[in-house]
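Undergrad: Submitted below is the structure of interest, expressed as structure tokens.
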Amino acid sequence: RLDRSRRRQFLFTEAHQPRIFGSVKMAAPKWNARNSHAVPHDASYYSKCLFGGVLACGLTHAAVTPLDVVKCNMQTNPAKFKSLPQGLGLVASEQGVMALTKGWVPTLLGYSAQGMFKFGLNEIFKDSYANVLGQENSVKYRALMWAAASGSAEFFADIALCPFEMVKVRVQTSPAGTFPTSFGAALSKMNANRGEYSFPFGSLVPLWSRQIPYTIAKFVGFEAVVEQFYTHYLTEPKHTYSKTTQLGVTFASGYIAGVGCALISQPADNLVSLMGKPENKGRGFGAIASEVGMTRLFMNGLGTRVIMIGTLTGLQWYIFDAYKAWSGLPTSGKSAKK
Numbered sequence: 002r003l004d005r006s007r008r009r010q011f012l013f014t015e016a017h018q019p020r021i022f023g024s025v026k027m028a029a030p031k032w033n034a035r036n037s038h039a040v041p042h043d044a045s046y047y048s049k050c051l052f053g054g055v056l057a058c059g060l061t062h063a064a065v066t067p068l069d070v071v072k073c074n075m076q077t078n079p080a081k082f083k084s085l086p087q088g089l090g091l092v093a094s095e096q097g098v099m100a101l102t103k104g105w106v107p108t109l110l111g112y113s114a115q116g117m118f119k120f121g122l123n124e125i126f127k128d129s130y131a132n133v134l135g136q137e138n139s140v141k142y143r144a145l146m147w148a149a150a151s152g153s154a155e156f157f158a159d160i161a162l163c164p165f166e167m168v169k170v171r172v173q174t175s176p177a178g179t180f181p182t183s184f185g186a187a188l189s190k191m192n193a194n195r196g197e198y199s200f201p202f203g204s205l206v207p208l209w210s211r212q213i214p215y216t217i218a219k220f221v222g223f224e225a226v227v228e229q230f231y232t233h234y235l236t237e238p239k240h241t242y243s244k245t246t247q248l249g250v251t252f253a254s255g256y257i258a259g260v261g262c263a264l265i266s267q268p269a270d271n272l273v274s275l276m277g278k279p280e281n282k283g284r285g286f287g288a289i290a291s292e293v294g295m296t297r298l299f300m301n302g303l304g305t306r307v308i309m310i311g312t313l314t315g316l317q318w319y320i321f322d323a324y325k326a327w328s329g330l331p332t333s334g335k336s337a338k339k
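Remember, the numbering used here sits 1 above the position in the sequence shown when you count from 1.
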């Protein structure tokens, strides 16, 4: 009786399966964004992107520390620091040339951690959101997907960055002799006086308000500009162009995107710098913003920051893609053509 029951169940199941040429139709495998690329996005791919982000952000931010020192002082003391050339000379003459390197250690450590999550998690989130949207919608709504992925990645990246950024700003903007300039001593002082300095996450909200719009502009702008290059100007299949050409597209696209980043995130960047001033110790960012006003938040240090961020973003994308190419991965971005 049991055998007869199983046989009826098998016949019923088989009879209700769609048939092609007398055989049971096999279900098509579900589309997976991770397997839709020339190189599968597996653990090895993601780990290379994570390390590429470390190189891209850590090295570039550390290299422009002198510009950052002047930019932060122009934001916190615009009456004294009026321009980039004047600011460079002023810091060097008053505090010595080495003062232009103040804060390079927390800059290197903080932005290396941030870059790892920014670039690495962006790749993971892009594939994850593409799978949620499906194959067709991930193409149709790709700009929204890029924005969601990069914004999500930056949310976590800023948590890693925040303690180092707070130390960096305090070191760079404190008057000479009023605060330690070495990373270890500065970190110890802020950690020992957490309440006084709102350490380690007191600047996280303004950091999010600066970095998340910045990163969305950086990644969406980059992807969109690369797409335009390969759709309208370099119209052969991307892989047929030399790595030199591809990396040239990468740098140009990154620079253009970087200018937009600087404009969008400028008020919040000023706010982060102002929170590092000794006289603003313990004050909320809302009170500081109301006192300073939006015009000053947008204009103070804007020219220097446009130059700095445009170059920085172009170099970051270049380093990231150069490392990917060296590792045997394709460069970032593609044509809009199917």
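The beta carbon of each residue, even a glycine, is placed where N, CA and C say it ideally should be.
Counting pairs of beta carbons, one from the stretch 69-87 and one from the stretch 275-294, are three or more of them closer than 8 Å?
TA: yes
Undergrad: Consult DSSP for residue 97 and reduce its assignment to one of helix, strand or coil.
TA: coil
Undergrad: Please give the ranges of any alpha helix (DSSP H) in the stretch 124-166, keeping only runs that are unbroken, at least 4 residues long and fully inside the region.
TA: 136-141
Undergrad: Going by beta carbon distance, what residues of the same chain come within less than 8 Å of residue 289, once the five residues before and after it are set aside?
TA: 272, 275, 276 and 281
Undergrad: Please return the same chain residues whose Cβ sits closer than 7 Å to the Cβ of residue 332, not counting the five positions on each side in sequence.
TA: 247, 248, 251, 322, 325 and 326
Undergrad: Could you tell me which uninterrupted alpha helix (DSSP H) segments, each at least 4 residues in length, are contained entirely in the stretch 214-291, listed from first to last along the chain?
TA: The stretch 214-291 contains these whole alpha helix (DSSP H) runs: 244-276.
Undergrad: Can you tell me the Cα-Cα spacing of residue 255 and residue 319, whole angstroms?
TA: 8 Å
Undergrad: Tell me the residue span of the alpha helix (DSSP H) that contains residue 48.
TA: 44-64
Undergrad: For residue 12, count neighbouring C-beta atoms within 10 Å of its own C-beta (all shown protein chains included) and say buried if the count is 16 or more, exposed if not.
TA: Since pLDDT at residue 12 reaches only 45, below the 50 mark, its modelled position is unreliable, and the value read off the structure follows with that caveat. Counting of Cβ neighbours within 10 angstroms places residue 12 among the exposed residues, the total staying below 16.
Undergrad: Compute the distance between the beta-carbons of residue 268 and residue 313, then report whether it is under 9 Å.
TA: no
Undergrad: If you follow the alpha helix (DSSP H) that residue 329 is in, where does it begin and where does it stop?
TA: Looking at the DSSP string, residue 329 is not in any alpha helix (DSSP H), and its letter there is neither H nor E.
Undergrad: What are the boundary residues of the alpha helix (DSSP H) that residue 337 is part of?
TA: It is not in any alpha helix (DSSP H) - residue 337 carries neither H nor E in the DSSP assignment.
Undergrad: Looking only at its own chain, which residues have a Cβ that is under 7 Å from the Cβ of residue 213, when we skip the five neighbours before and after it?
TA: 152, 155 and 156
Undergrad: With 16 as the cutoff for other CB atoms within 10 Å, does residue 158 come out buried or exposed?
TA: With a 10 Å radius around the Cβ and a threshold of 16 neighbouring Cβ atoms, residue 158 comes out buried.
Undergrad: If you run the structure through DSSP and keep just helix, strand and coil, what is residue 345?
TA: Because the chain in this structure spans residues 2 to 339, residue 345 falls outside the shown range and cannot be described.
Undergrad: Quick one: what does DSSP say residue 32 is sitting in, helix, strand or coil?
TA: coil
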